[in-house]
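For what it's worth, the working numbering labels the leading residue of the sequence shown as 118, then goes sequentially. Every residue, glycine too, gets a C-beta built ideally from N, C-alpha and C. Heads up: the structure comes next, in structure tokens.
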Amino acid sequence: MSYRDDAAFWACPHGQDARHGCVTCFEESASPDVELPMWDVAVWFTSDQPIPVKALQDVHRHGRRFLLDKLSAPHIYLLTGHARAERGAQAVAGVVGFLVHNRHVVDAFTVKDTRAVRLAPSPDVPSGERVWP
Ligand SMILES: [Zn+2]
Numbered sequence: 118m119s120y121r122d123d124a125a126f127w128a129c130p131h132g133q134d135a136r137h138g139c140v141t142c143f144e145e146s147a148s149p150d151v152e153l154p155m156w157d158v159a160v161w162f163t164s165d166q167p168i169p170v171k172a173l174q175d176v177h178r179h180g181r182r183f184l185l186d187k188l189s190a191p192h193i194y195l196l197t198g199h200a201r202a203e204r205g206a207q208a209v210a211g212v213v214g215f216l217v218h219n220r221h222v223v224d225a226f227t228v229k230d231t232r233a234v235r236l237a238p239s240p241d242v243p244s245g246e247r248v249w250p
């Protein structure tokens, strides 16, 4: 996979870079608009400050469909979640937007890699097949 560094590719509908997160996308991704496809999103990021274990565990409580895990490498975390969005970039913006929206969990962070998989139901896309990027 080539990790694209293309501003237009990463731009969400509100003009934010998906890798920096967008709170509007985060809020819209939770809307029950069944017209939009559901995405399974994973975001690897580093945090300037270690995230307390309790904060990690609390994420799924107030973050609905989000899970935050600490990886074995220092300060590297994996956030996974579901988002409704037109495009993969918008889905990523919504999940990273969760971090922006929850500054009490993680203050300063840097997104290292992302993955967005469009989930079924969709007639053309079998469940779990990777379609983006
Ligand atoms: Zn947005």
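Exercise for review: May I ask you to report which of helix, strand or coil DSSP gives SER244?
Suggested key: Note that SER244 scores 48 on pLDDT, short of 50, meaning its location in the model is unreliable; the coordinates nonetheless yield the value given after this. Correct three-state label for SER244: coil.
Practice item. Rounded to whole angstroms, what's the CA-CA distance from MET118 to ARG178? Just pull it up for me. Key: Low confidence applies here, because MET118 scores a pLDDT of 38, under 50, leaving its location unreliable; read the following figure in that light. Whole-angstrom Cα-Cα distance: 33 Å.
**Study point:** Any non-hydrogen atom of ligand 1 within 7 Å of HIS137 CB
**Key:** no
Review point. Is HIS131 near ligand 1, in the sense that its beta carbon is under 7 Å from a heavy atom of that ligand?
Key: yes
Point to revise | Whole-Å CB distance - LYS229 paired with PHE143, under 8 Å assumed | key: Incorrect: roughly 19 Å between the Cβ atoms, too far for contact.
Review point. Which residue's Cα is closest to the Cα of TRP156: LEU184, LYS171, ALA190 and VAL209?
Key: VAL209
Review point. Are the CB atoms of LYS187 and LEU173 nearer to each other than 8 Å?
Key: yes
Exercise for review: Please list, in chain order, all residues of the same chain as CYS139 whose beta carbon is under 6 Å from its beta carbon, the five residues on each side excluded.
Suggested key: CYS129, HIS131, GLN133, ALA210 and GLY214
**Study point:** Nonlocal neighbours in the same chain, by C-beta distance under 6 Å from ALA159, ignoring five residues either side
**Key:** THR197 and ARG232
Point to revise | PRO243 versus GLU152 - alpha carbon distance | key: Confidence at PRO243 is low in this model, with a pLDDT of 48, below 50, so its placement is unreliable and the value that follows should be read with caution. In a straight line, the C-alpha of PRO243 is about 18 Å away from that of GLU152.
Review point. At a cut-off of 7 Å, is THR141 close to ligand 1 when judged by its beta-carbon and the heavy atoms of the ligand?
Key: yes
Review point. What number of angstroms, rounded off, separates the C-alpha of LEU184 from the C-alpha of HIS221?
Key: 16 Å
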